[in-house]
Amino acid sequence: MAHFHVNGQRHELEIEPHETLAEVLRERLGLHGVRVSCGEGECGSCTVLLDGLPATSCLMLALQAEGREITTIEGLGTEDDLHPLQQAFIDEQGFQCGVCTPGIILSSKALLDGNPHPTADEVATALSGHVCRCGAYTQIVRSVLRAADEMEAADER
Amino acid sequence: MRTFKYLRPATVGEACEMKAELGREARFLAGGTDLMLEWRRGAAPLSHVIDLSFILEMRAGAVTPRELRLAAAETLGGLAAADGDQWWARVLASTAARMATPQLRTLATVGGNVCHASPCADMAIVLSALDAVMAVAATRGSRTLAAAEFFVGVNQTALAADEMLTAISVPLPAEQTAAAYQRVTRTGVDLAQASAAVRLSSEDGSTISDARVVIGACAPAPARSREAEQALLGLSLAAPDEKALDEASRLAERATSPISDVRCSADYRHRVSRVLVRRAVLEAAAALAQGAAAIRRERAKREV
Amino acid sequence: MSAEQRRRVVGASPPVKDAVQKVCGTLTYPVDFALAGMLHGAILRSEHAHARIRGIDASRALELPGVIGVVTHEDAPEAEWNGVFLNYRGRIFDGAARFVGDEIGAVAATTPEVAREALRHIVVDYEPLPAVFDAEAAMSPEAPQVHESGNVREPLVEAWGDLEAAKAAAAEVVAADVSFGSQQMAPMGRNAAIAQWSGGSVTLYTGTQTSSEVKDAIAEAFGMPRSRVRVVGLPLGASFGEFWSNNFMMVACLLARKVRRPVKIELSNSECMAHVKRRHEERCRASMGATAGGDITFVDVYHLFDNGGYGFKDDVGFLVPDLWGAHAPAGRFECQGVSTNLVTAGCMRGVGDVTMGSVVERLADQLAERCGLDPLEFRIRNQIRPGDVLRMAWGEHLLRRDEQGRKRLIDEVAAAAPAELRERWPELFRLSSGSTVEMLRSAAEEFGWQEKFVGWGRPYYAEGPLRRAVGLGTGIHCCGEEMEGNTDATVRLMKDGSVKLYCAVGRHGTSADTTQAMVAAETLGIALEMIEVEAGDTDACPWSRGSIASTTMFRTGFKTWAASLDAKRQLLELAGREVFDCAAVDLDIRDGVIYTTEALRAADAGGRAPAGGVPIPDVMMRDREDTFGPTDSITGRPDFPMPPSMTFARHFAAHFVDLEVDVETGKIRLLRYLAAQDSGTVVHPQVLEGQVIGGAVLGAGFALCEQLHFDERGRVVNPSLSDYKVLRSSDFPPEAAVMFAEDADPVGPYGARSAGEAPTAAPAPAIAQAVYNAIGVWVDVPMTPERVLLAIETCGQARTITNGSR
């Protein structure tokens, strides 16, 4: 019996040792916002936050994540209650096909948590672990910069 | 269905006992970013996975005036984020920050990189240039191995079947020291096609008194060149002699035996490794020159 | 107010329809899709590049717990199926393997793991055959024949003028011979096909750019009526041509039919990268000549491309002769496709305009240098403008007609259209709108070109090993084409004034559902929020050409507009008859309310809200004189055809790049990027910007680092992102800019043309030219650090000054 903290909730699951964190999140908990694309740690679409840091869930054994706080896109915001980052990505259209989007938004959250005022180059470097094959990079960077401004403005209010 | 058993030791001692008892097909897991890929490809038979990431002492490093002790399970992300100003903190942070991706760095460990011993493993190459000593433990006893003895070949270390890496010890010379790591890749996120790690020390603050030169990704293991190091001794920090630099680069490259692979040809590695050695020397020398100048200014202020 | 200013929807950037789902991760892609009771399929793939399958023994696999069934060539129907544009032709399985990874069988099991495990227990008796991996070698009659119909397709030739005379007249002639490895689409999100039979009917759920054509292919493969086939196109990751009609979709249908349960086949990443489709390997031998003053006199191109195992293309797909040959007295473009025993090759975004286009751009630049013109001047002087003759204007269906026949056709088409449109329609075989000229000038100014371009082969900055220079490149592509099938759309207006638009378009990230809805909303005079779009279900959507060949905005948009006009006409006739007691032409709709045109004119003139309006639902709900009940719905369909777009419509790109070359390592670093685009009226600026930058990133990847490598056995050596390198956010200038030139088209919806492929063609020539300016050497793509270094050394050391032009 393994214990997971996912999106603020505790789960007890009977899992096999070889199951990756991505498989457990997707298949056991129905969190399809965790994507498995390349399956080998290159593309970043499986990115989740592990104690607030972006991590490659398709390579990680689920058991390695016991006791750690896991956040997926579903935990960041919902369709009725969007996180400012999600709203900024809508406003700047920081996506095209959307496959890489949840992972990128989570990495952006980790970036802004540590660096609330990044430059465009810092955003581009922080997101270098993500492949956006649609090539939406300029609009993605703009979305993150916009979110940074709006989150700062909200803090000041 | 292919699976394996998962074990979670709480101490180094427990981990060593498990390994001694279970043998070759029980493998240590820290970040797991290499092991899991190998297992899925069918390249690594696995009966047990021994997860080291919950052992606290494997995560906790320490620093004294003469030694930096890196915990083997320290993550690359942790190293990259460290904002220390010391020469060794800067080279380790900048090296880690160029490896893999931010997401992989959250999981991957310096020990994993070193034990996987890929010919282009950045930490292996830099730590070799820093004269690192590997602390190795087993139920039957512990020992230490110098980097040069540790890295034996492609994905091969001198670790015995029952041994595990617990820490990496980096000596901190008394003299002013700086290190630099240069690498060439196809795109920003990539394994190095070729790389060069250089550590320079200066007793008098204006010339090189000690050097280490190691080329990476151009031989089965990190390729150190004592001839190149000799050729650098005595060179000026502020304006190193061009001919001597070229000679040192040429000598360093002679210590390598690159192959052609999907990333690039042996010929390219020959050419570019020389360029990288030269650039790494210049980078470290400039850092030393700056540091020495800063020290002289401080001293001058105090003497007034 | 101008017509553009009165627009209420087109030209704005509202959030796209699925924006919330995409940022919340709630969109269901094919790999996420599941049906109750479904089994999982895995495909058995050939180990050999060319082999006869003497037998397949699946007995041990069938004994494994959880294995339900197996299909092989013995289960496959006899008929071949055809994919779009001859990108695929073959039987589902035919007892032969034609590339490493070719589908030769499949297993259905209770879990994906069991299905994959079962594959390892299937014993295949291969008779390996000699294989051929190179297009030129495959042209020889002695070469192994990939298909019974032979390896070599009929050459396609487009020629005009007297080539020999033009060659003789040229003062300067340049030539090039450039080979291209394959680019791979490397789609994100992979794909899956889920097939379910019910009686004699089948439904296939999958990711595809061409749902109507997949339906046709299934019907063809299984010899069944199309009325019994339903394809549901799901949202898909970036596809770039990979997922059109693919054999793994047919395999899923065959397996599901055999085991009588729904079956899901999910492709792994390496299957997507190595066993489905790729861009062709190509070789372009070309020469080009000009007068001393810089007028192109001829272009002569022989372009060879490989079709891989199952492609049958005879035309790589190229509009370059239009861009560069419009003013040239003579030209000859010959293009030939050849089969090889490598994974099937076919259309990838930009097709021949990316490859052949980059060679012609280089020749143009070399001529410009010889003639003492800069790259801007040379293009402005020679490239096509509206009204110029098109060289690539033919269509197969037109080939057999004479000049008069072709003219009669457009007259007939025009006669069916509303009068006010008929007058605007272009003369056939001439460019209707758009060019590179205006955007070259304005983009050059925006980019600071004059300050940074200091002469051919001369960097504007040289320090140590670093050289910086600028470069520009142009690209062209069609706006869809009418061969093989037309586009279509249906609009259904409901009682409450909401609308459903049915148009089969790709769902691979172009936000076509939103932009089509914007066209409909603008036409109908209603808010975008009142329109929903069904884009993937062939049971709901009329048969429509897929999102290929940059078809969607221009051709599908035209039909969406026409269908909306029809619905609007019916509604206004109803309103005129039942409510306003006037003719339909005296009514219009604004913001979902019907007014007389008189009332609208008065209100606009006086700057106040119009009076006397009746909301659409009120008209719909009103009891009619003819049926005594309300109008339940109005269905709008296009009732006039679109003139053939290949004969007049093109879109254009002009890209500018500032980059740095490290001459000791060969590393190229992009510093600044500006992409200009002429796609006519911009319907949704943010969406179009995404398409332009996305195309630029893809084209830059083609230029710098992307190439599939094959080993001596025909196997892909780098089927993964670790060694098939693509550009990331840190590899492309994060503040890259986009500019639009909006030369409105007389036919396109609200003047819009298409957009997707020219921006993939322009980056390679821009980057290659900038590299030439930086180091004085032309480097072939992909310009990896090694290849740049090799080029420098082959051509002598990096020069900072060439022949002093300027």
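Protein chains in written order, with our numbering: chain A, 1 to 157; chain B, 158 to 461; chain C, 462 to 1267.
Just so it is clear, CB atoms sit at the ideal spot from N, CA and C, and this is done for glycine as well.
Predicted model only: the values in this text are computed from it and were never measured.
Query: Distance CB(V1143(C))-CB(L1135(C)) smaller than 8 Å; Result: no
Query: Any chain B beta carbon closer than 8 Å to D1241(C); Result: no
Query: A55(A): contacting residues in chain B (beta-carbon distance under 7 Å); Result: Q260, T263 and L264
Query: Backbone CA spacing between G442(C) and N768(C) [nearest angstrom]; Result: This structure cannot settle anything about residue 442(C), because the visible part of chain C is limited to 462 through 1267.
Query: Proximal residues of chain C, C-beta to C-beta of D121(A) below 7 Å; Result: P1195
Query: Counted within 10 angstroms of its Cβ, other Cβ atoms place S393(B) as buried (16 or more) or exposed; Result: exposed
Query: For G67(A), three-class secondary structure by DSSP; Result: coil
Query: Inter-residue spacing [alpha-carbon to alpha-carbon] between A1198(C) and G1162(C); Result: 17 Å
Query: Touch test, the segment 326-338 of chain B against the segment 352-367 of chain B, Cβ-Cβ under 8 Å, three pairs minimum; Result: yes
Query: Cβ-based contacts, 7 Å cut-off: residues of the segment 197-213 of chain B near chain A; Result: V206, D208 and S210
Query: Buried/exposed call for S417(B), threshold 16 Cβ in 10 Å; Result: exposed
Query: Minimum Cβ-Cβ distance from C173(B) to chain C less than 8 Å; Result: no
Query: For A54(A), the first and last residue of its enclosing beta strand (DSSP E); Result: One detail in the question is off: residue 54(A) reads as Pro in this sequence, not Ala. Unbroken beta strand (DSSP E) run through P54(A): L53 to T56.
Query: Coarse secondary structure for E104(B), derived from DSSP in three states; Result: Residue 104(B) falls outside the range modelled here, since chain B spans only 158 to 461, and no answer is possible.
Query: Secondary structure of T758(C), DSSP reduced to three states; Result: strand
Query: Spatial neighbours of P330(B) in its chain, beta-carbon cut-off 6 Å, leaving aside the 5 residues before and after; Result: S358
Query: Nonlocal neighbours in the same chain, by C-beta distance under 6 Å from V915(C), ignoring five residues either side; Result: Y921
Query: N- and C-terminal bounds of the alpha helix (DSSP H) containing V639(C); Result: No alpha helix (DSSP H) contains V639(C), which is instead part of the beta strand (DSSP E) from E633 to F641.
Query: Backbone CA spacing between T487(C) and C1166(C) [nearest angstrom]; Result: 33 Å
Query: Beta carbon of G641(C) nearer than 8 Å to that of E743(C); Result: Note on identity: in this sequence residue 641(C) is Phe, with Gly being the wrong assignment. In this structure, E743(C) lies closer than 8 Å to F641(C) by Cβ.
Query: Cβ contact (3+ pairs, closer than 8 Å) linking the segment 1017-1034 of chain C and the segment 944-958 of chain C; Result: yes
Query: DSSP beta-bridge partners of N543(C); Result: R550(C)
Query: Proximity test, Cβ basis, 8 Å: H969(C) and chain A; Result: yes
Query: Contacts around I679(C), its chain only, beta-carbon distance under 8 Å, and the 5 residues preceding and following it disregarded; Result: W542, V663, L665, M685, V690, V692, M710, M711 and C714
Query: Rounded separation between E1196(C) and C132(A) - CA only; Result: 16 Å
Query: C-beta contact flag for D51(A) and E27(A) at 8 Å; Result: no
Query: Span of the alpha helix (DSSP H) around S520(C); Result: S520 to E524
Query: Candidates T266(B), V206(B), M193(B) and F307(B): closest to P377(B) by CA position; Result: F307(B)
Query: Endpoints, alpha helix (DSSP H) assigned at Q645(C); Result: Looking at the DSSP string, Q645(C) is not in any alpha helix (DSSP H), and its letter there is neither H nor E.
Query: Contact between the segment 268-288 of chain B and the segment 62-77 of chain A (3+ Cβ pairs under 8 Å); Result: no
Query: Residue-chain proximity (S275(B), chain C), Cβ-Cβ < 8 Å; Result: no
Query: Where C272(B) meets chain C, residues with beta-carbon distance less than 9 Å; Result: Within 9 Å Cβ-Cβ: nothing; C272(B) doesn't reach chain C, min ~20 Å.
Query: Cross-chain neighbours of C421(B) in chain C, by beta carbon under 7 Å; Result: E1247
Query: Sequence-distant residues of its chain with Cβ nearer than 8 Å to A1044(C) (five each side left out); Result: G1037
Query: C-beta contact flag for G1217(C) and T1058(C) at 8 Å; Result: no
Query: Neighbour list for P17(A) in chain B, Cβ cutoff strictly below 8 Å; Result: T160, F161, K162, Y163 and V206
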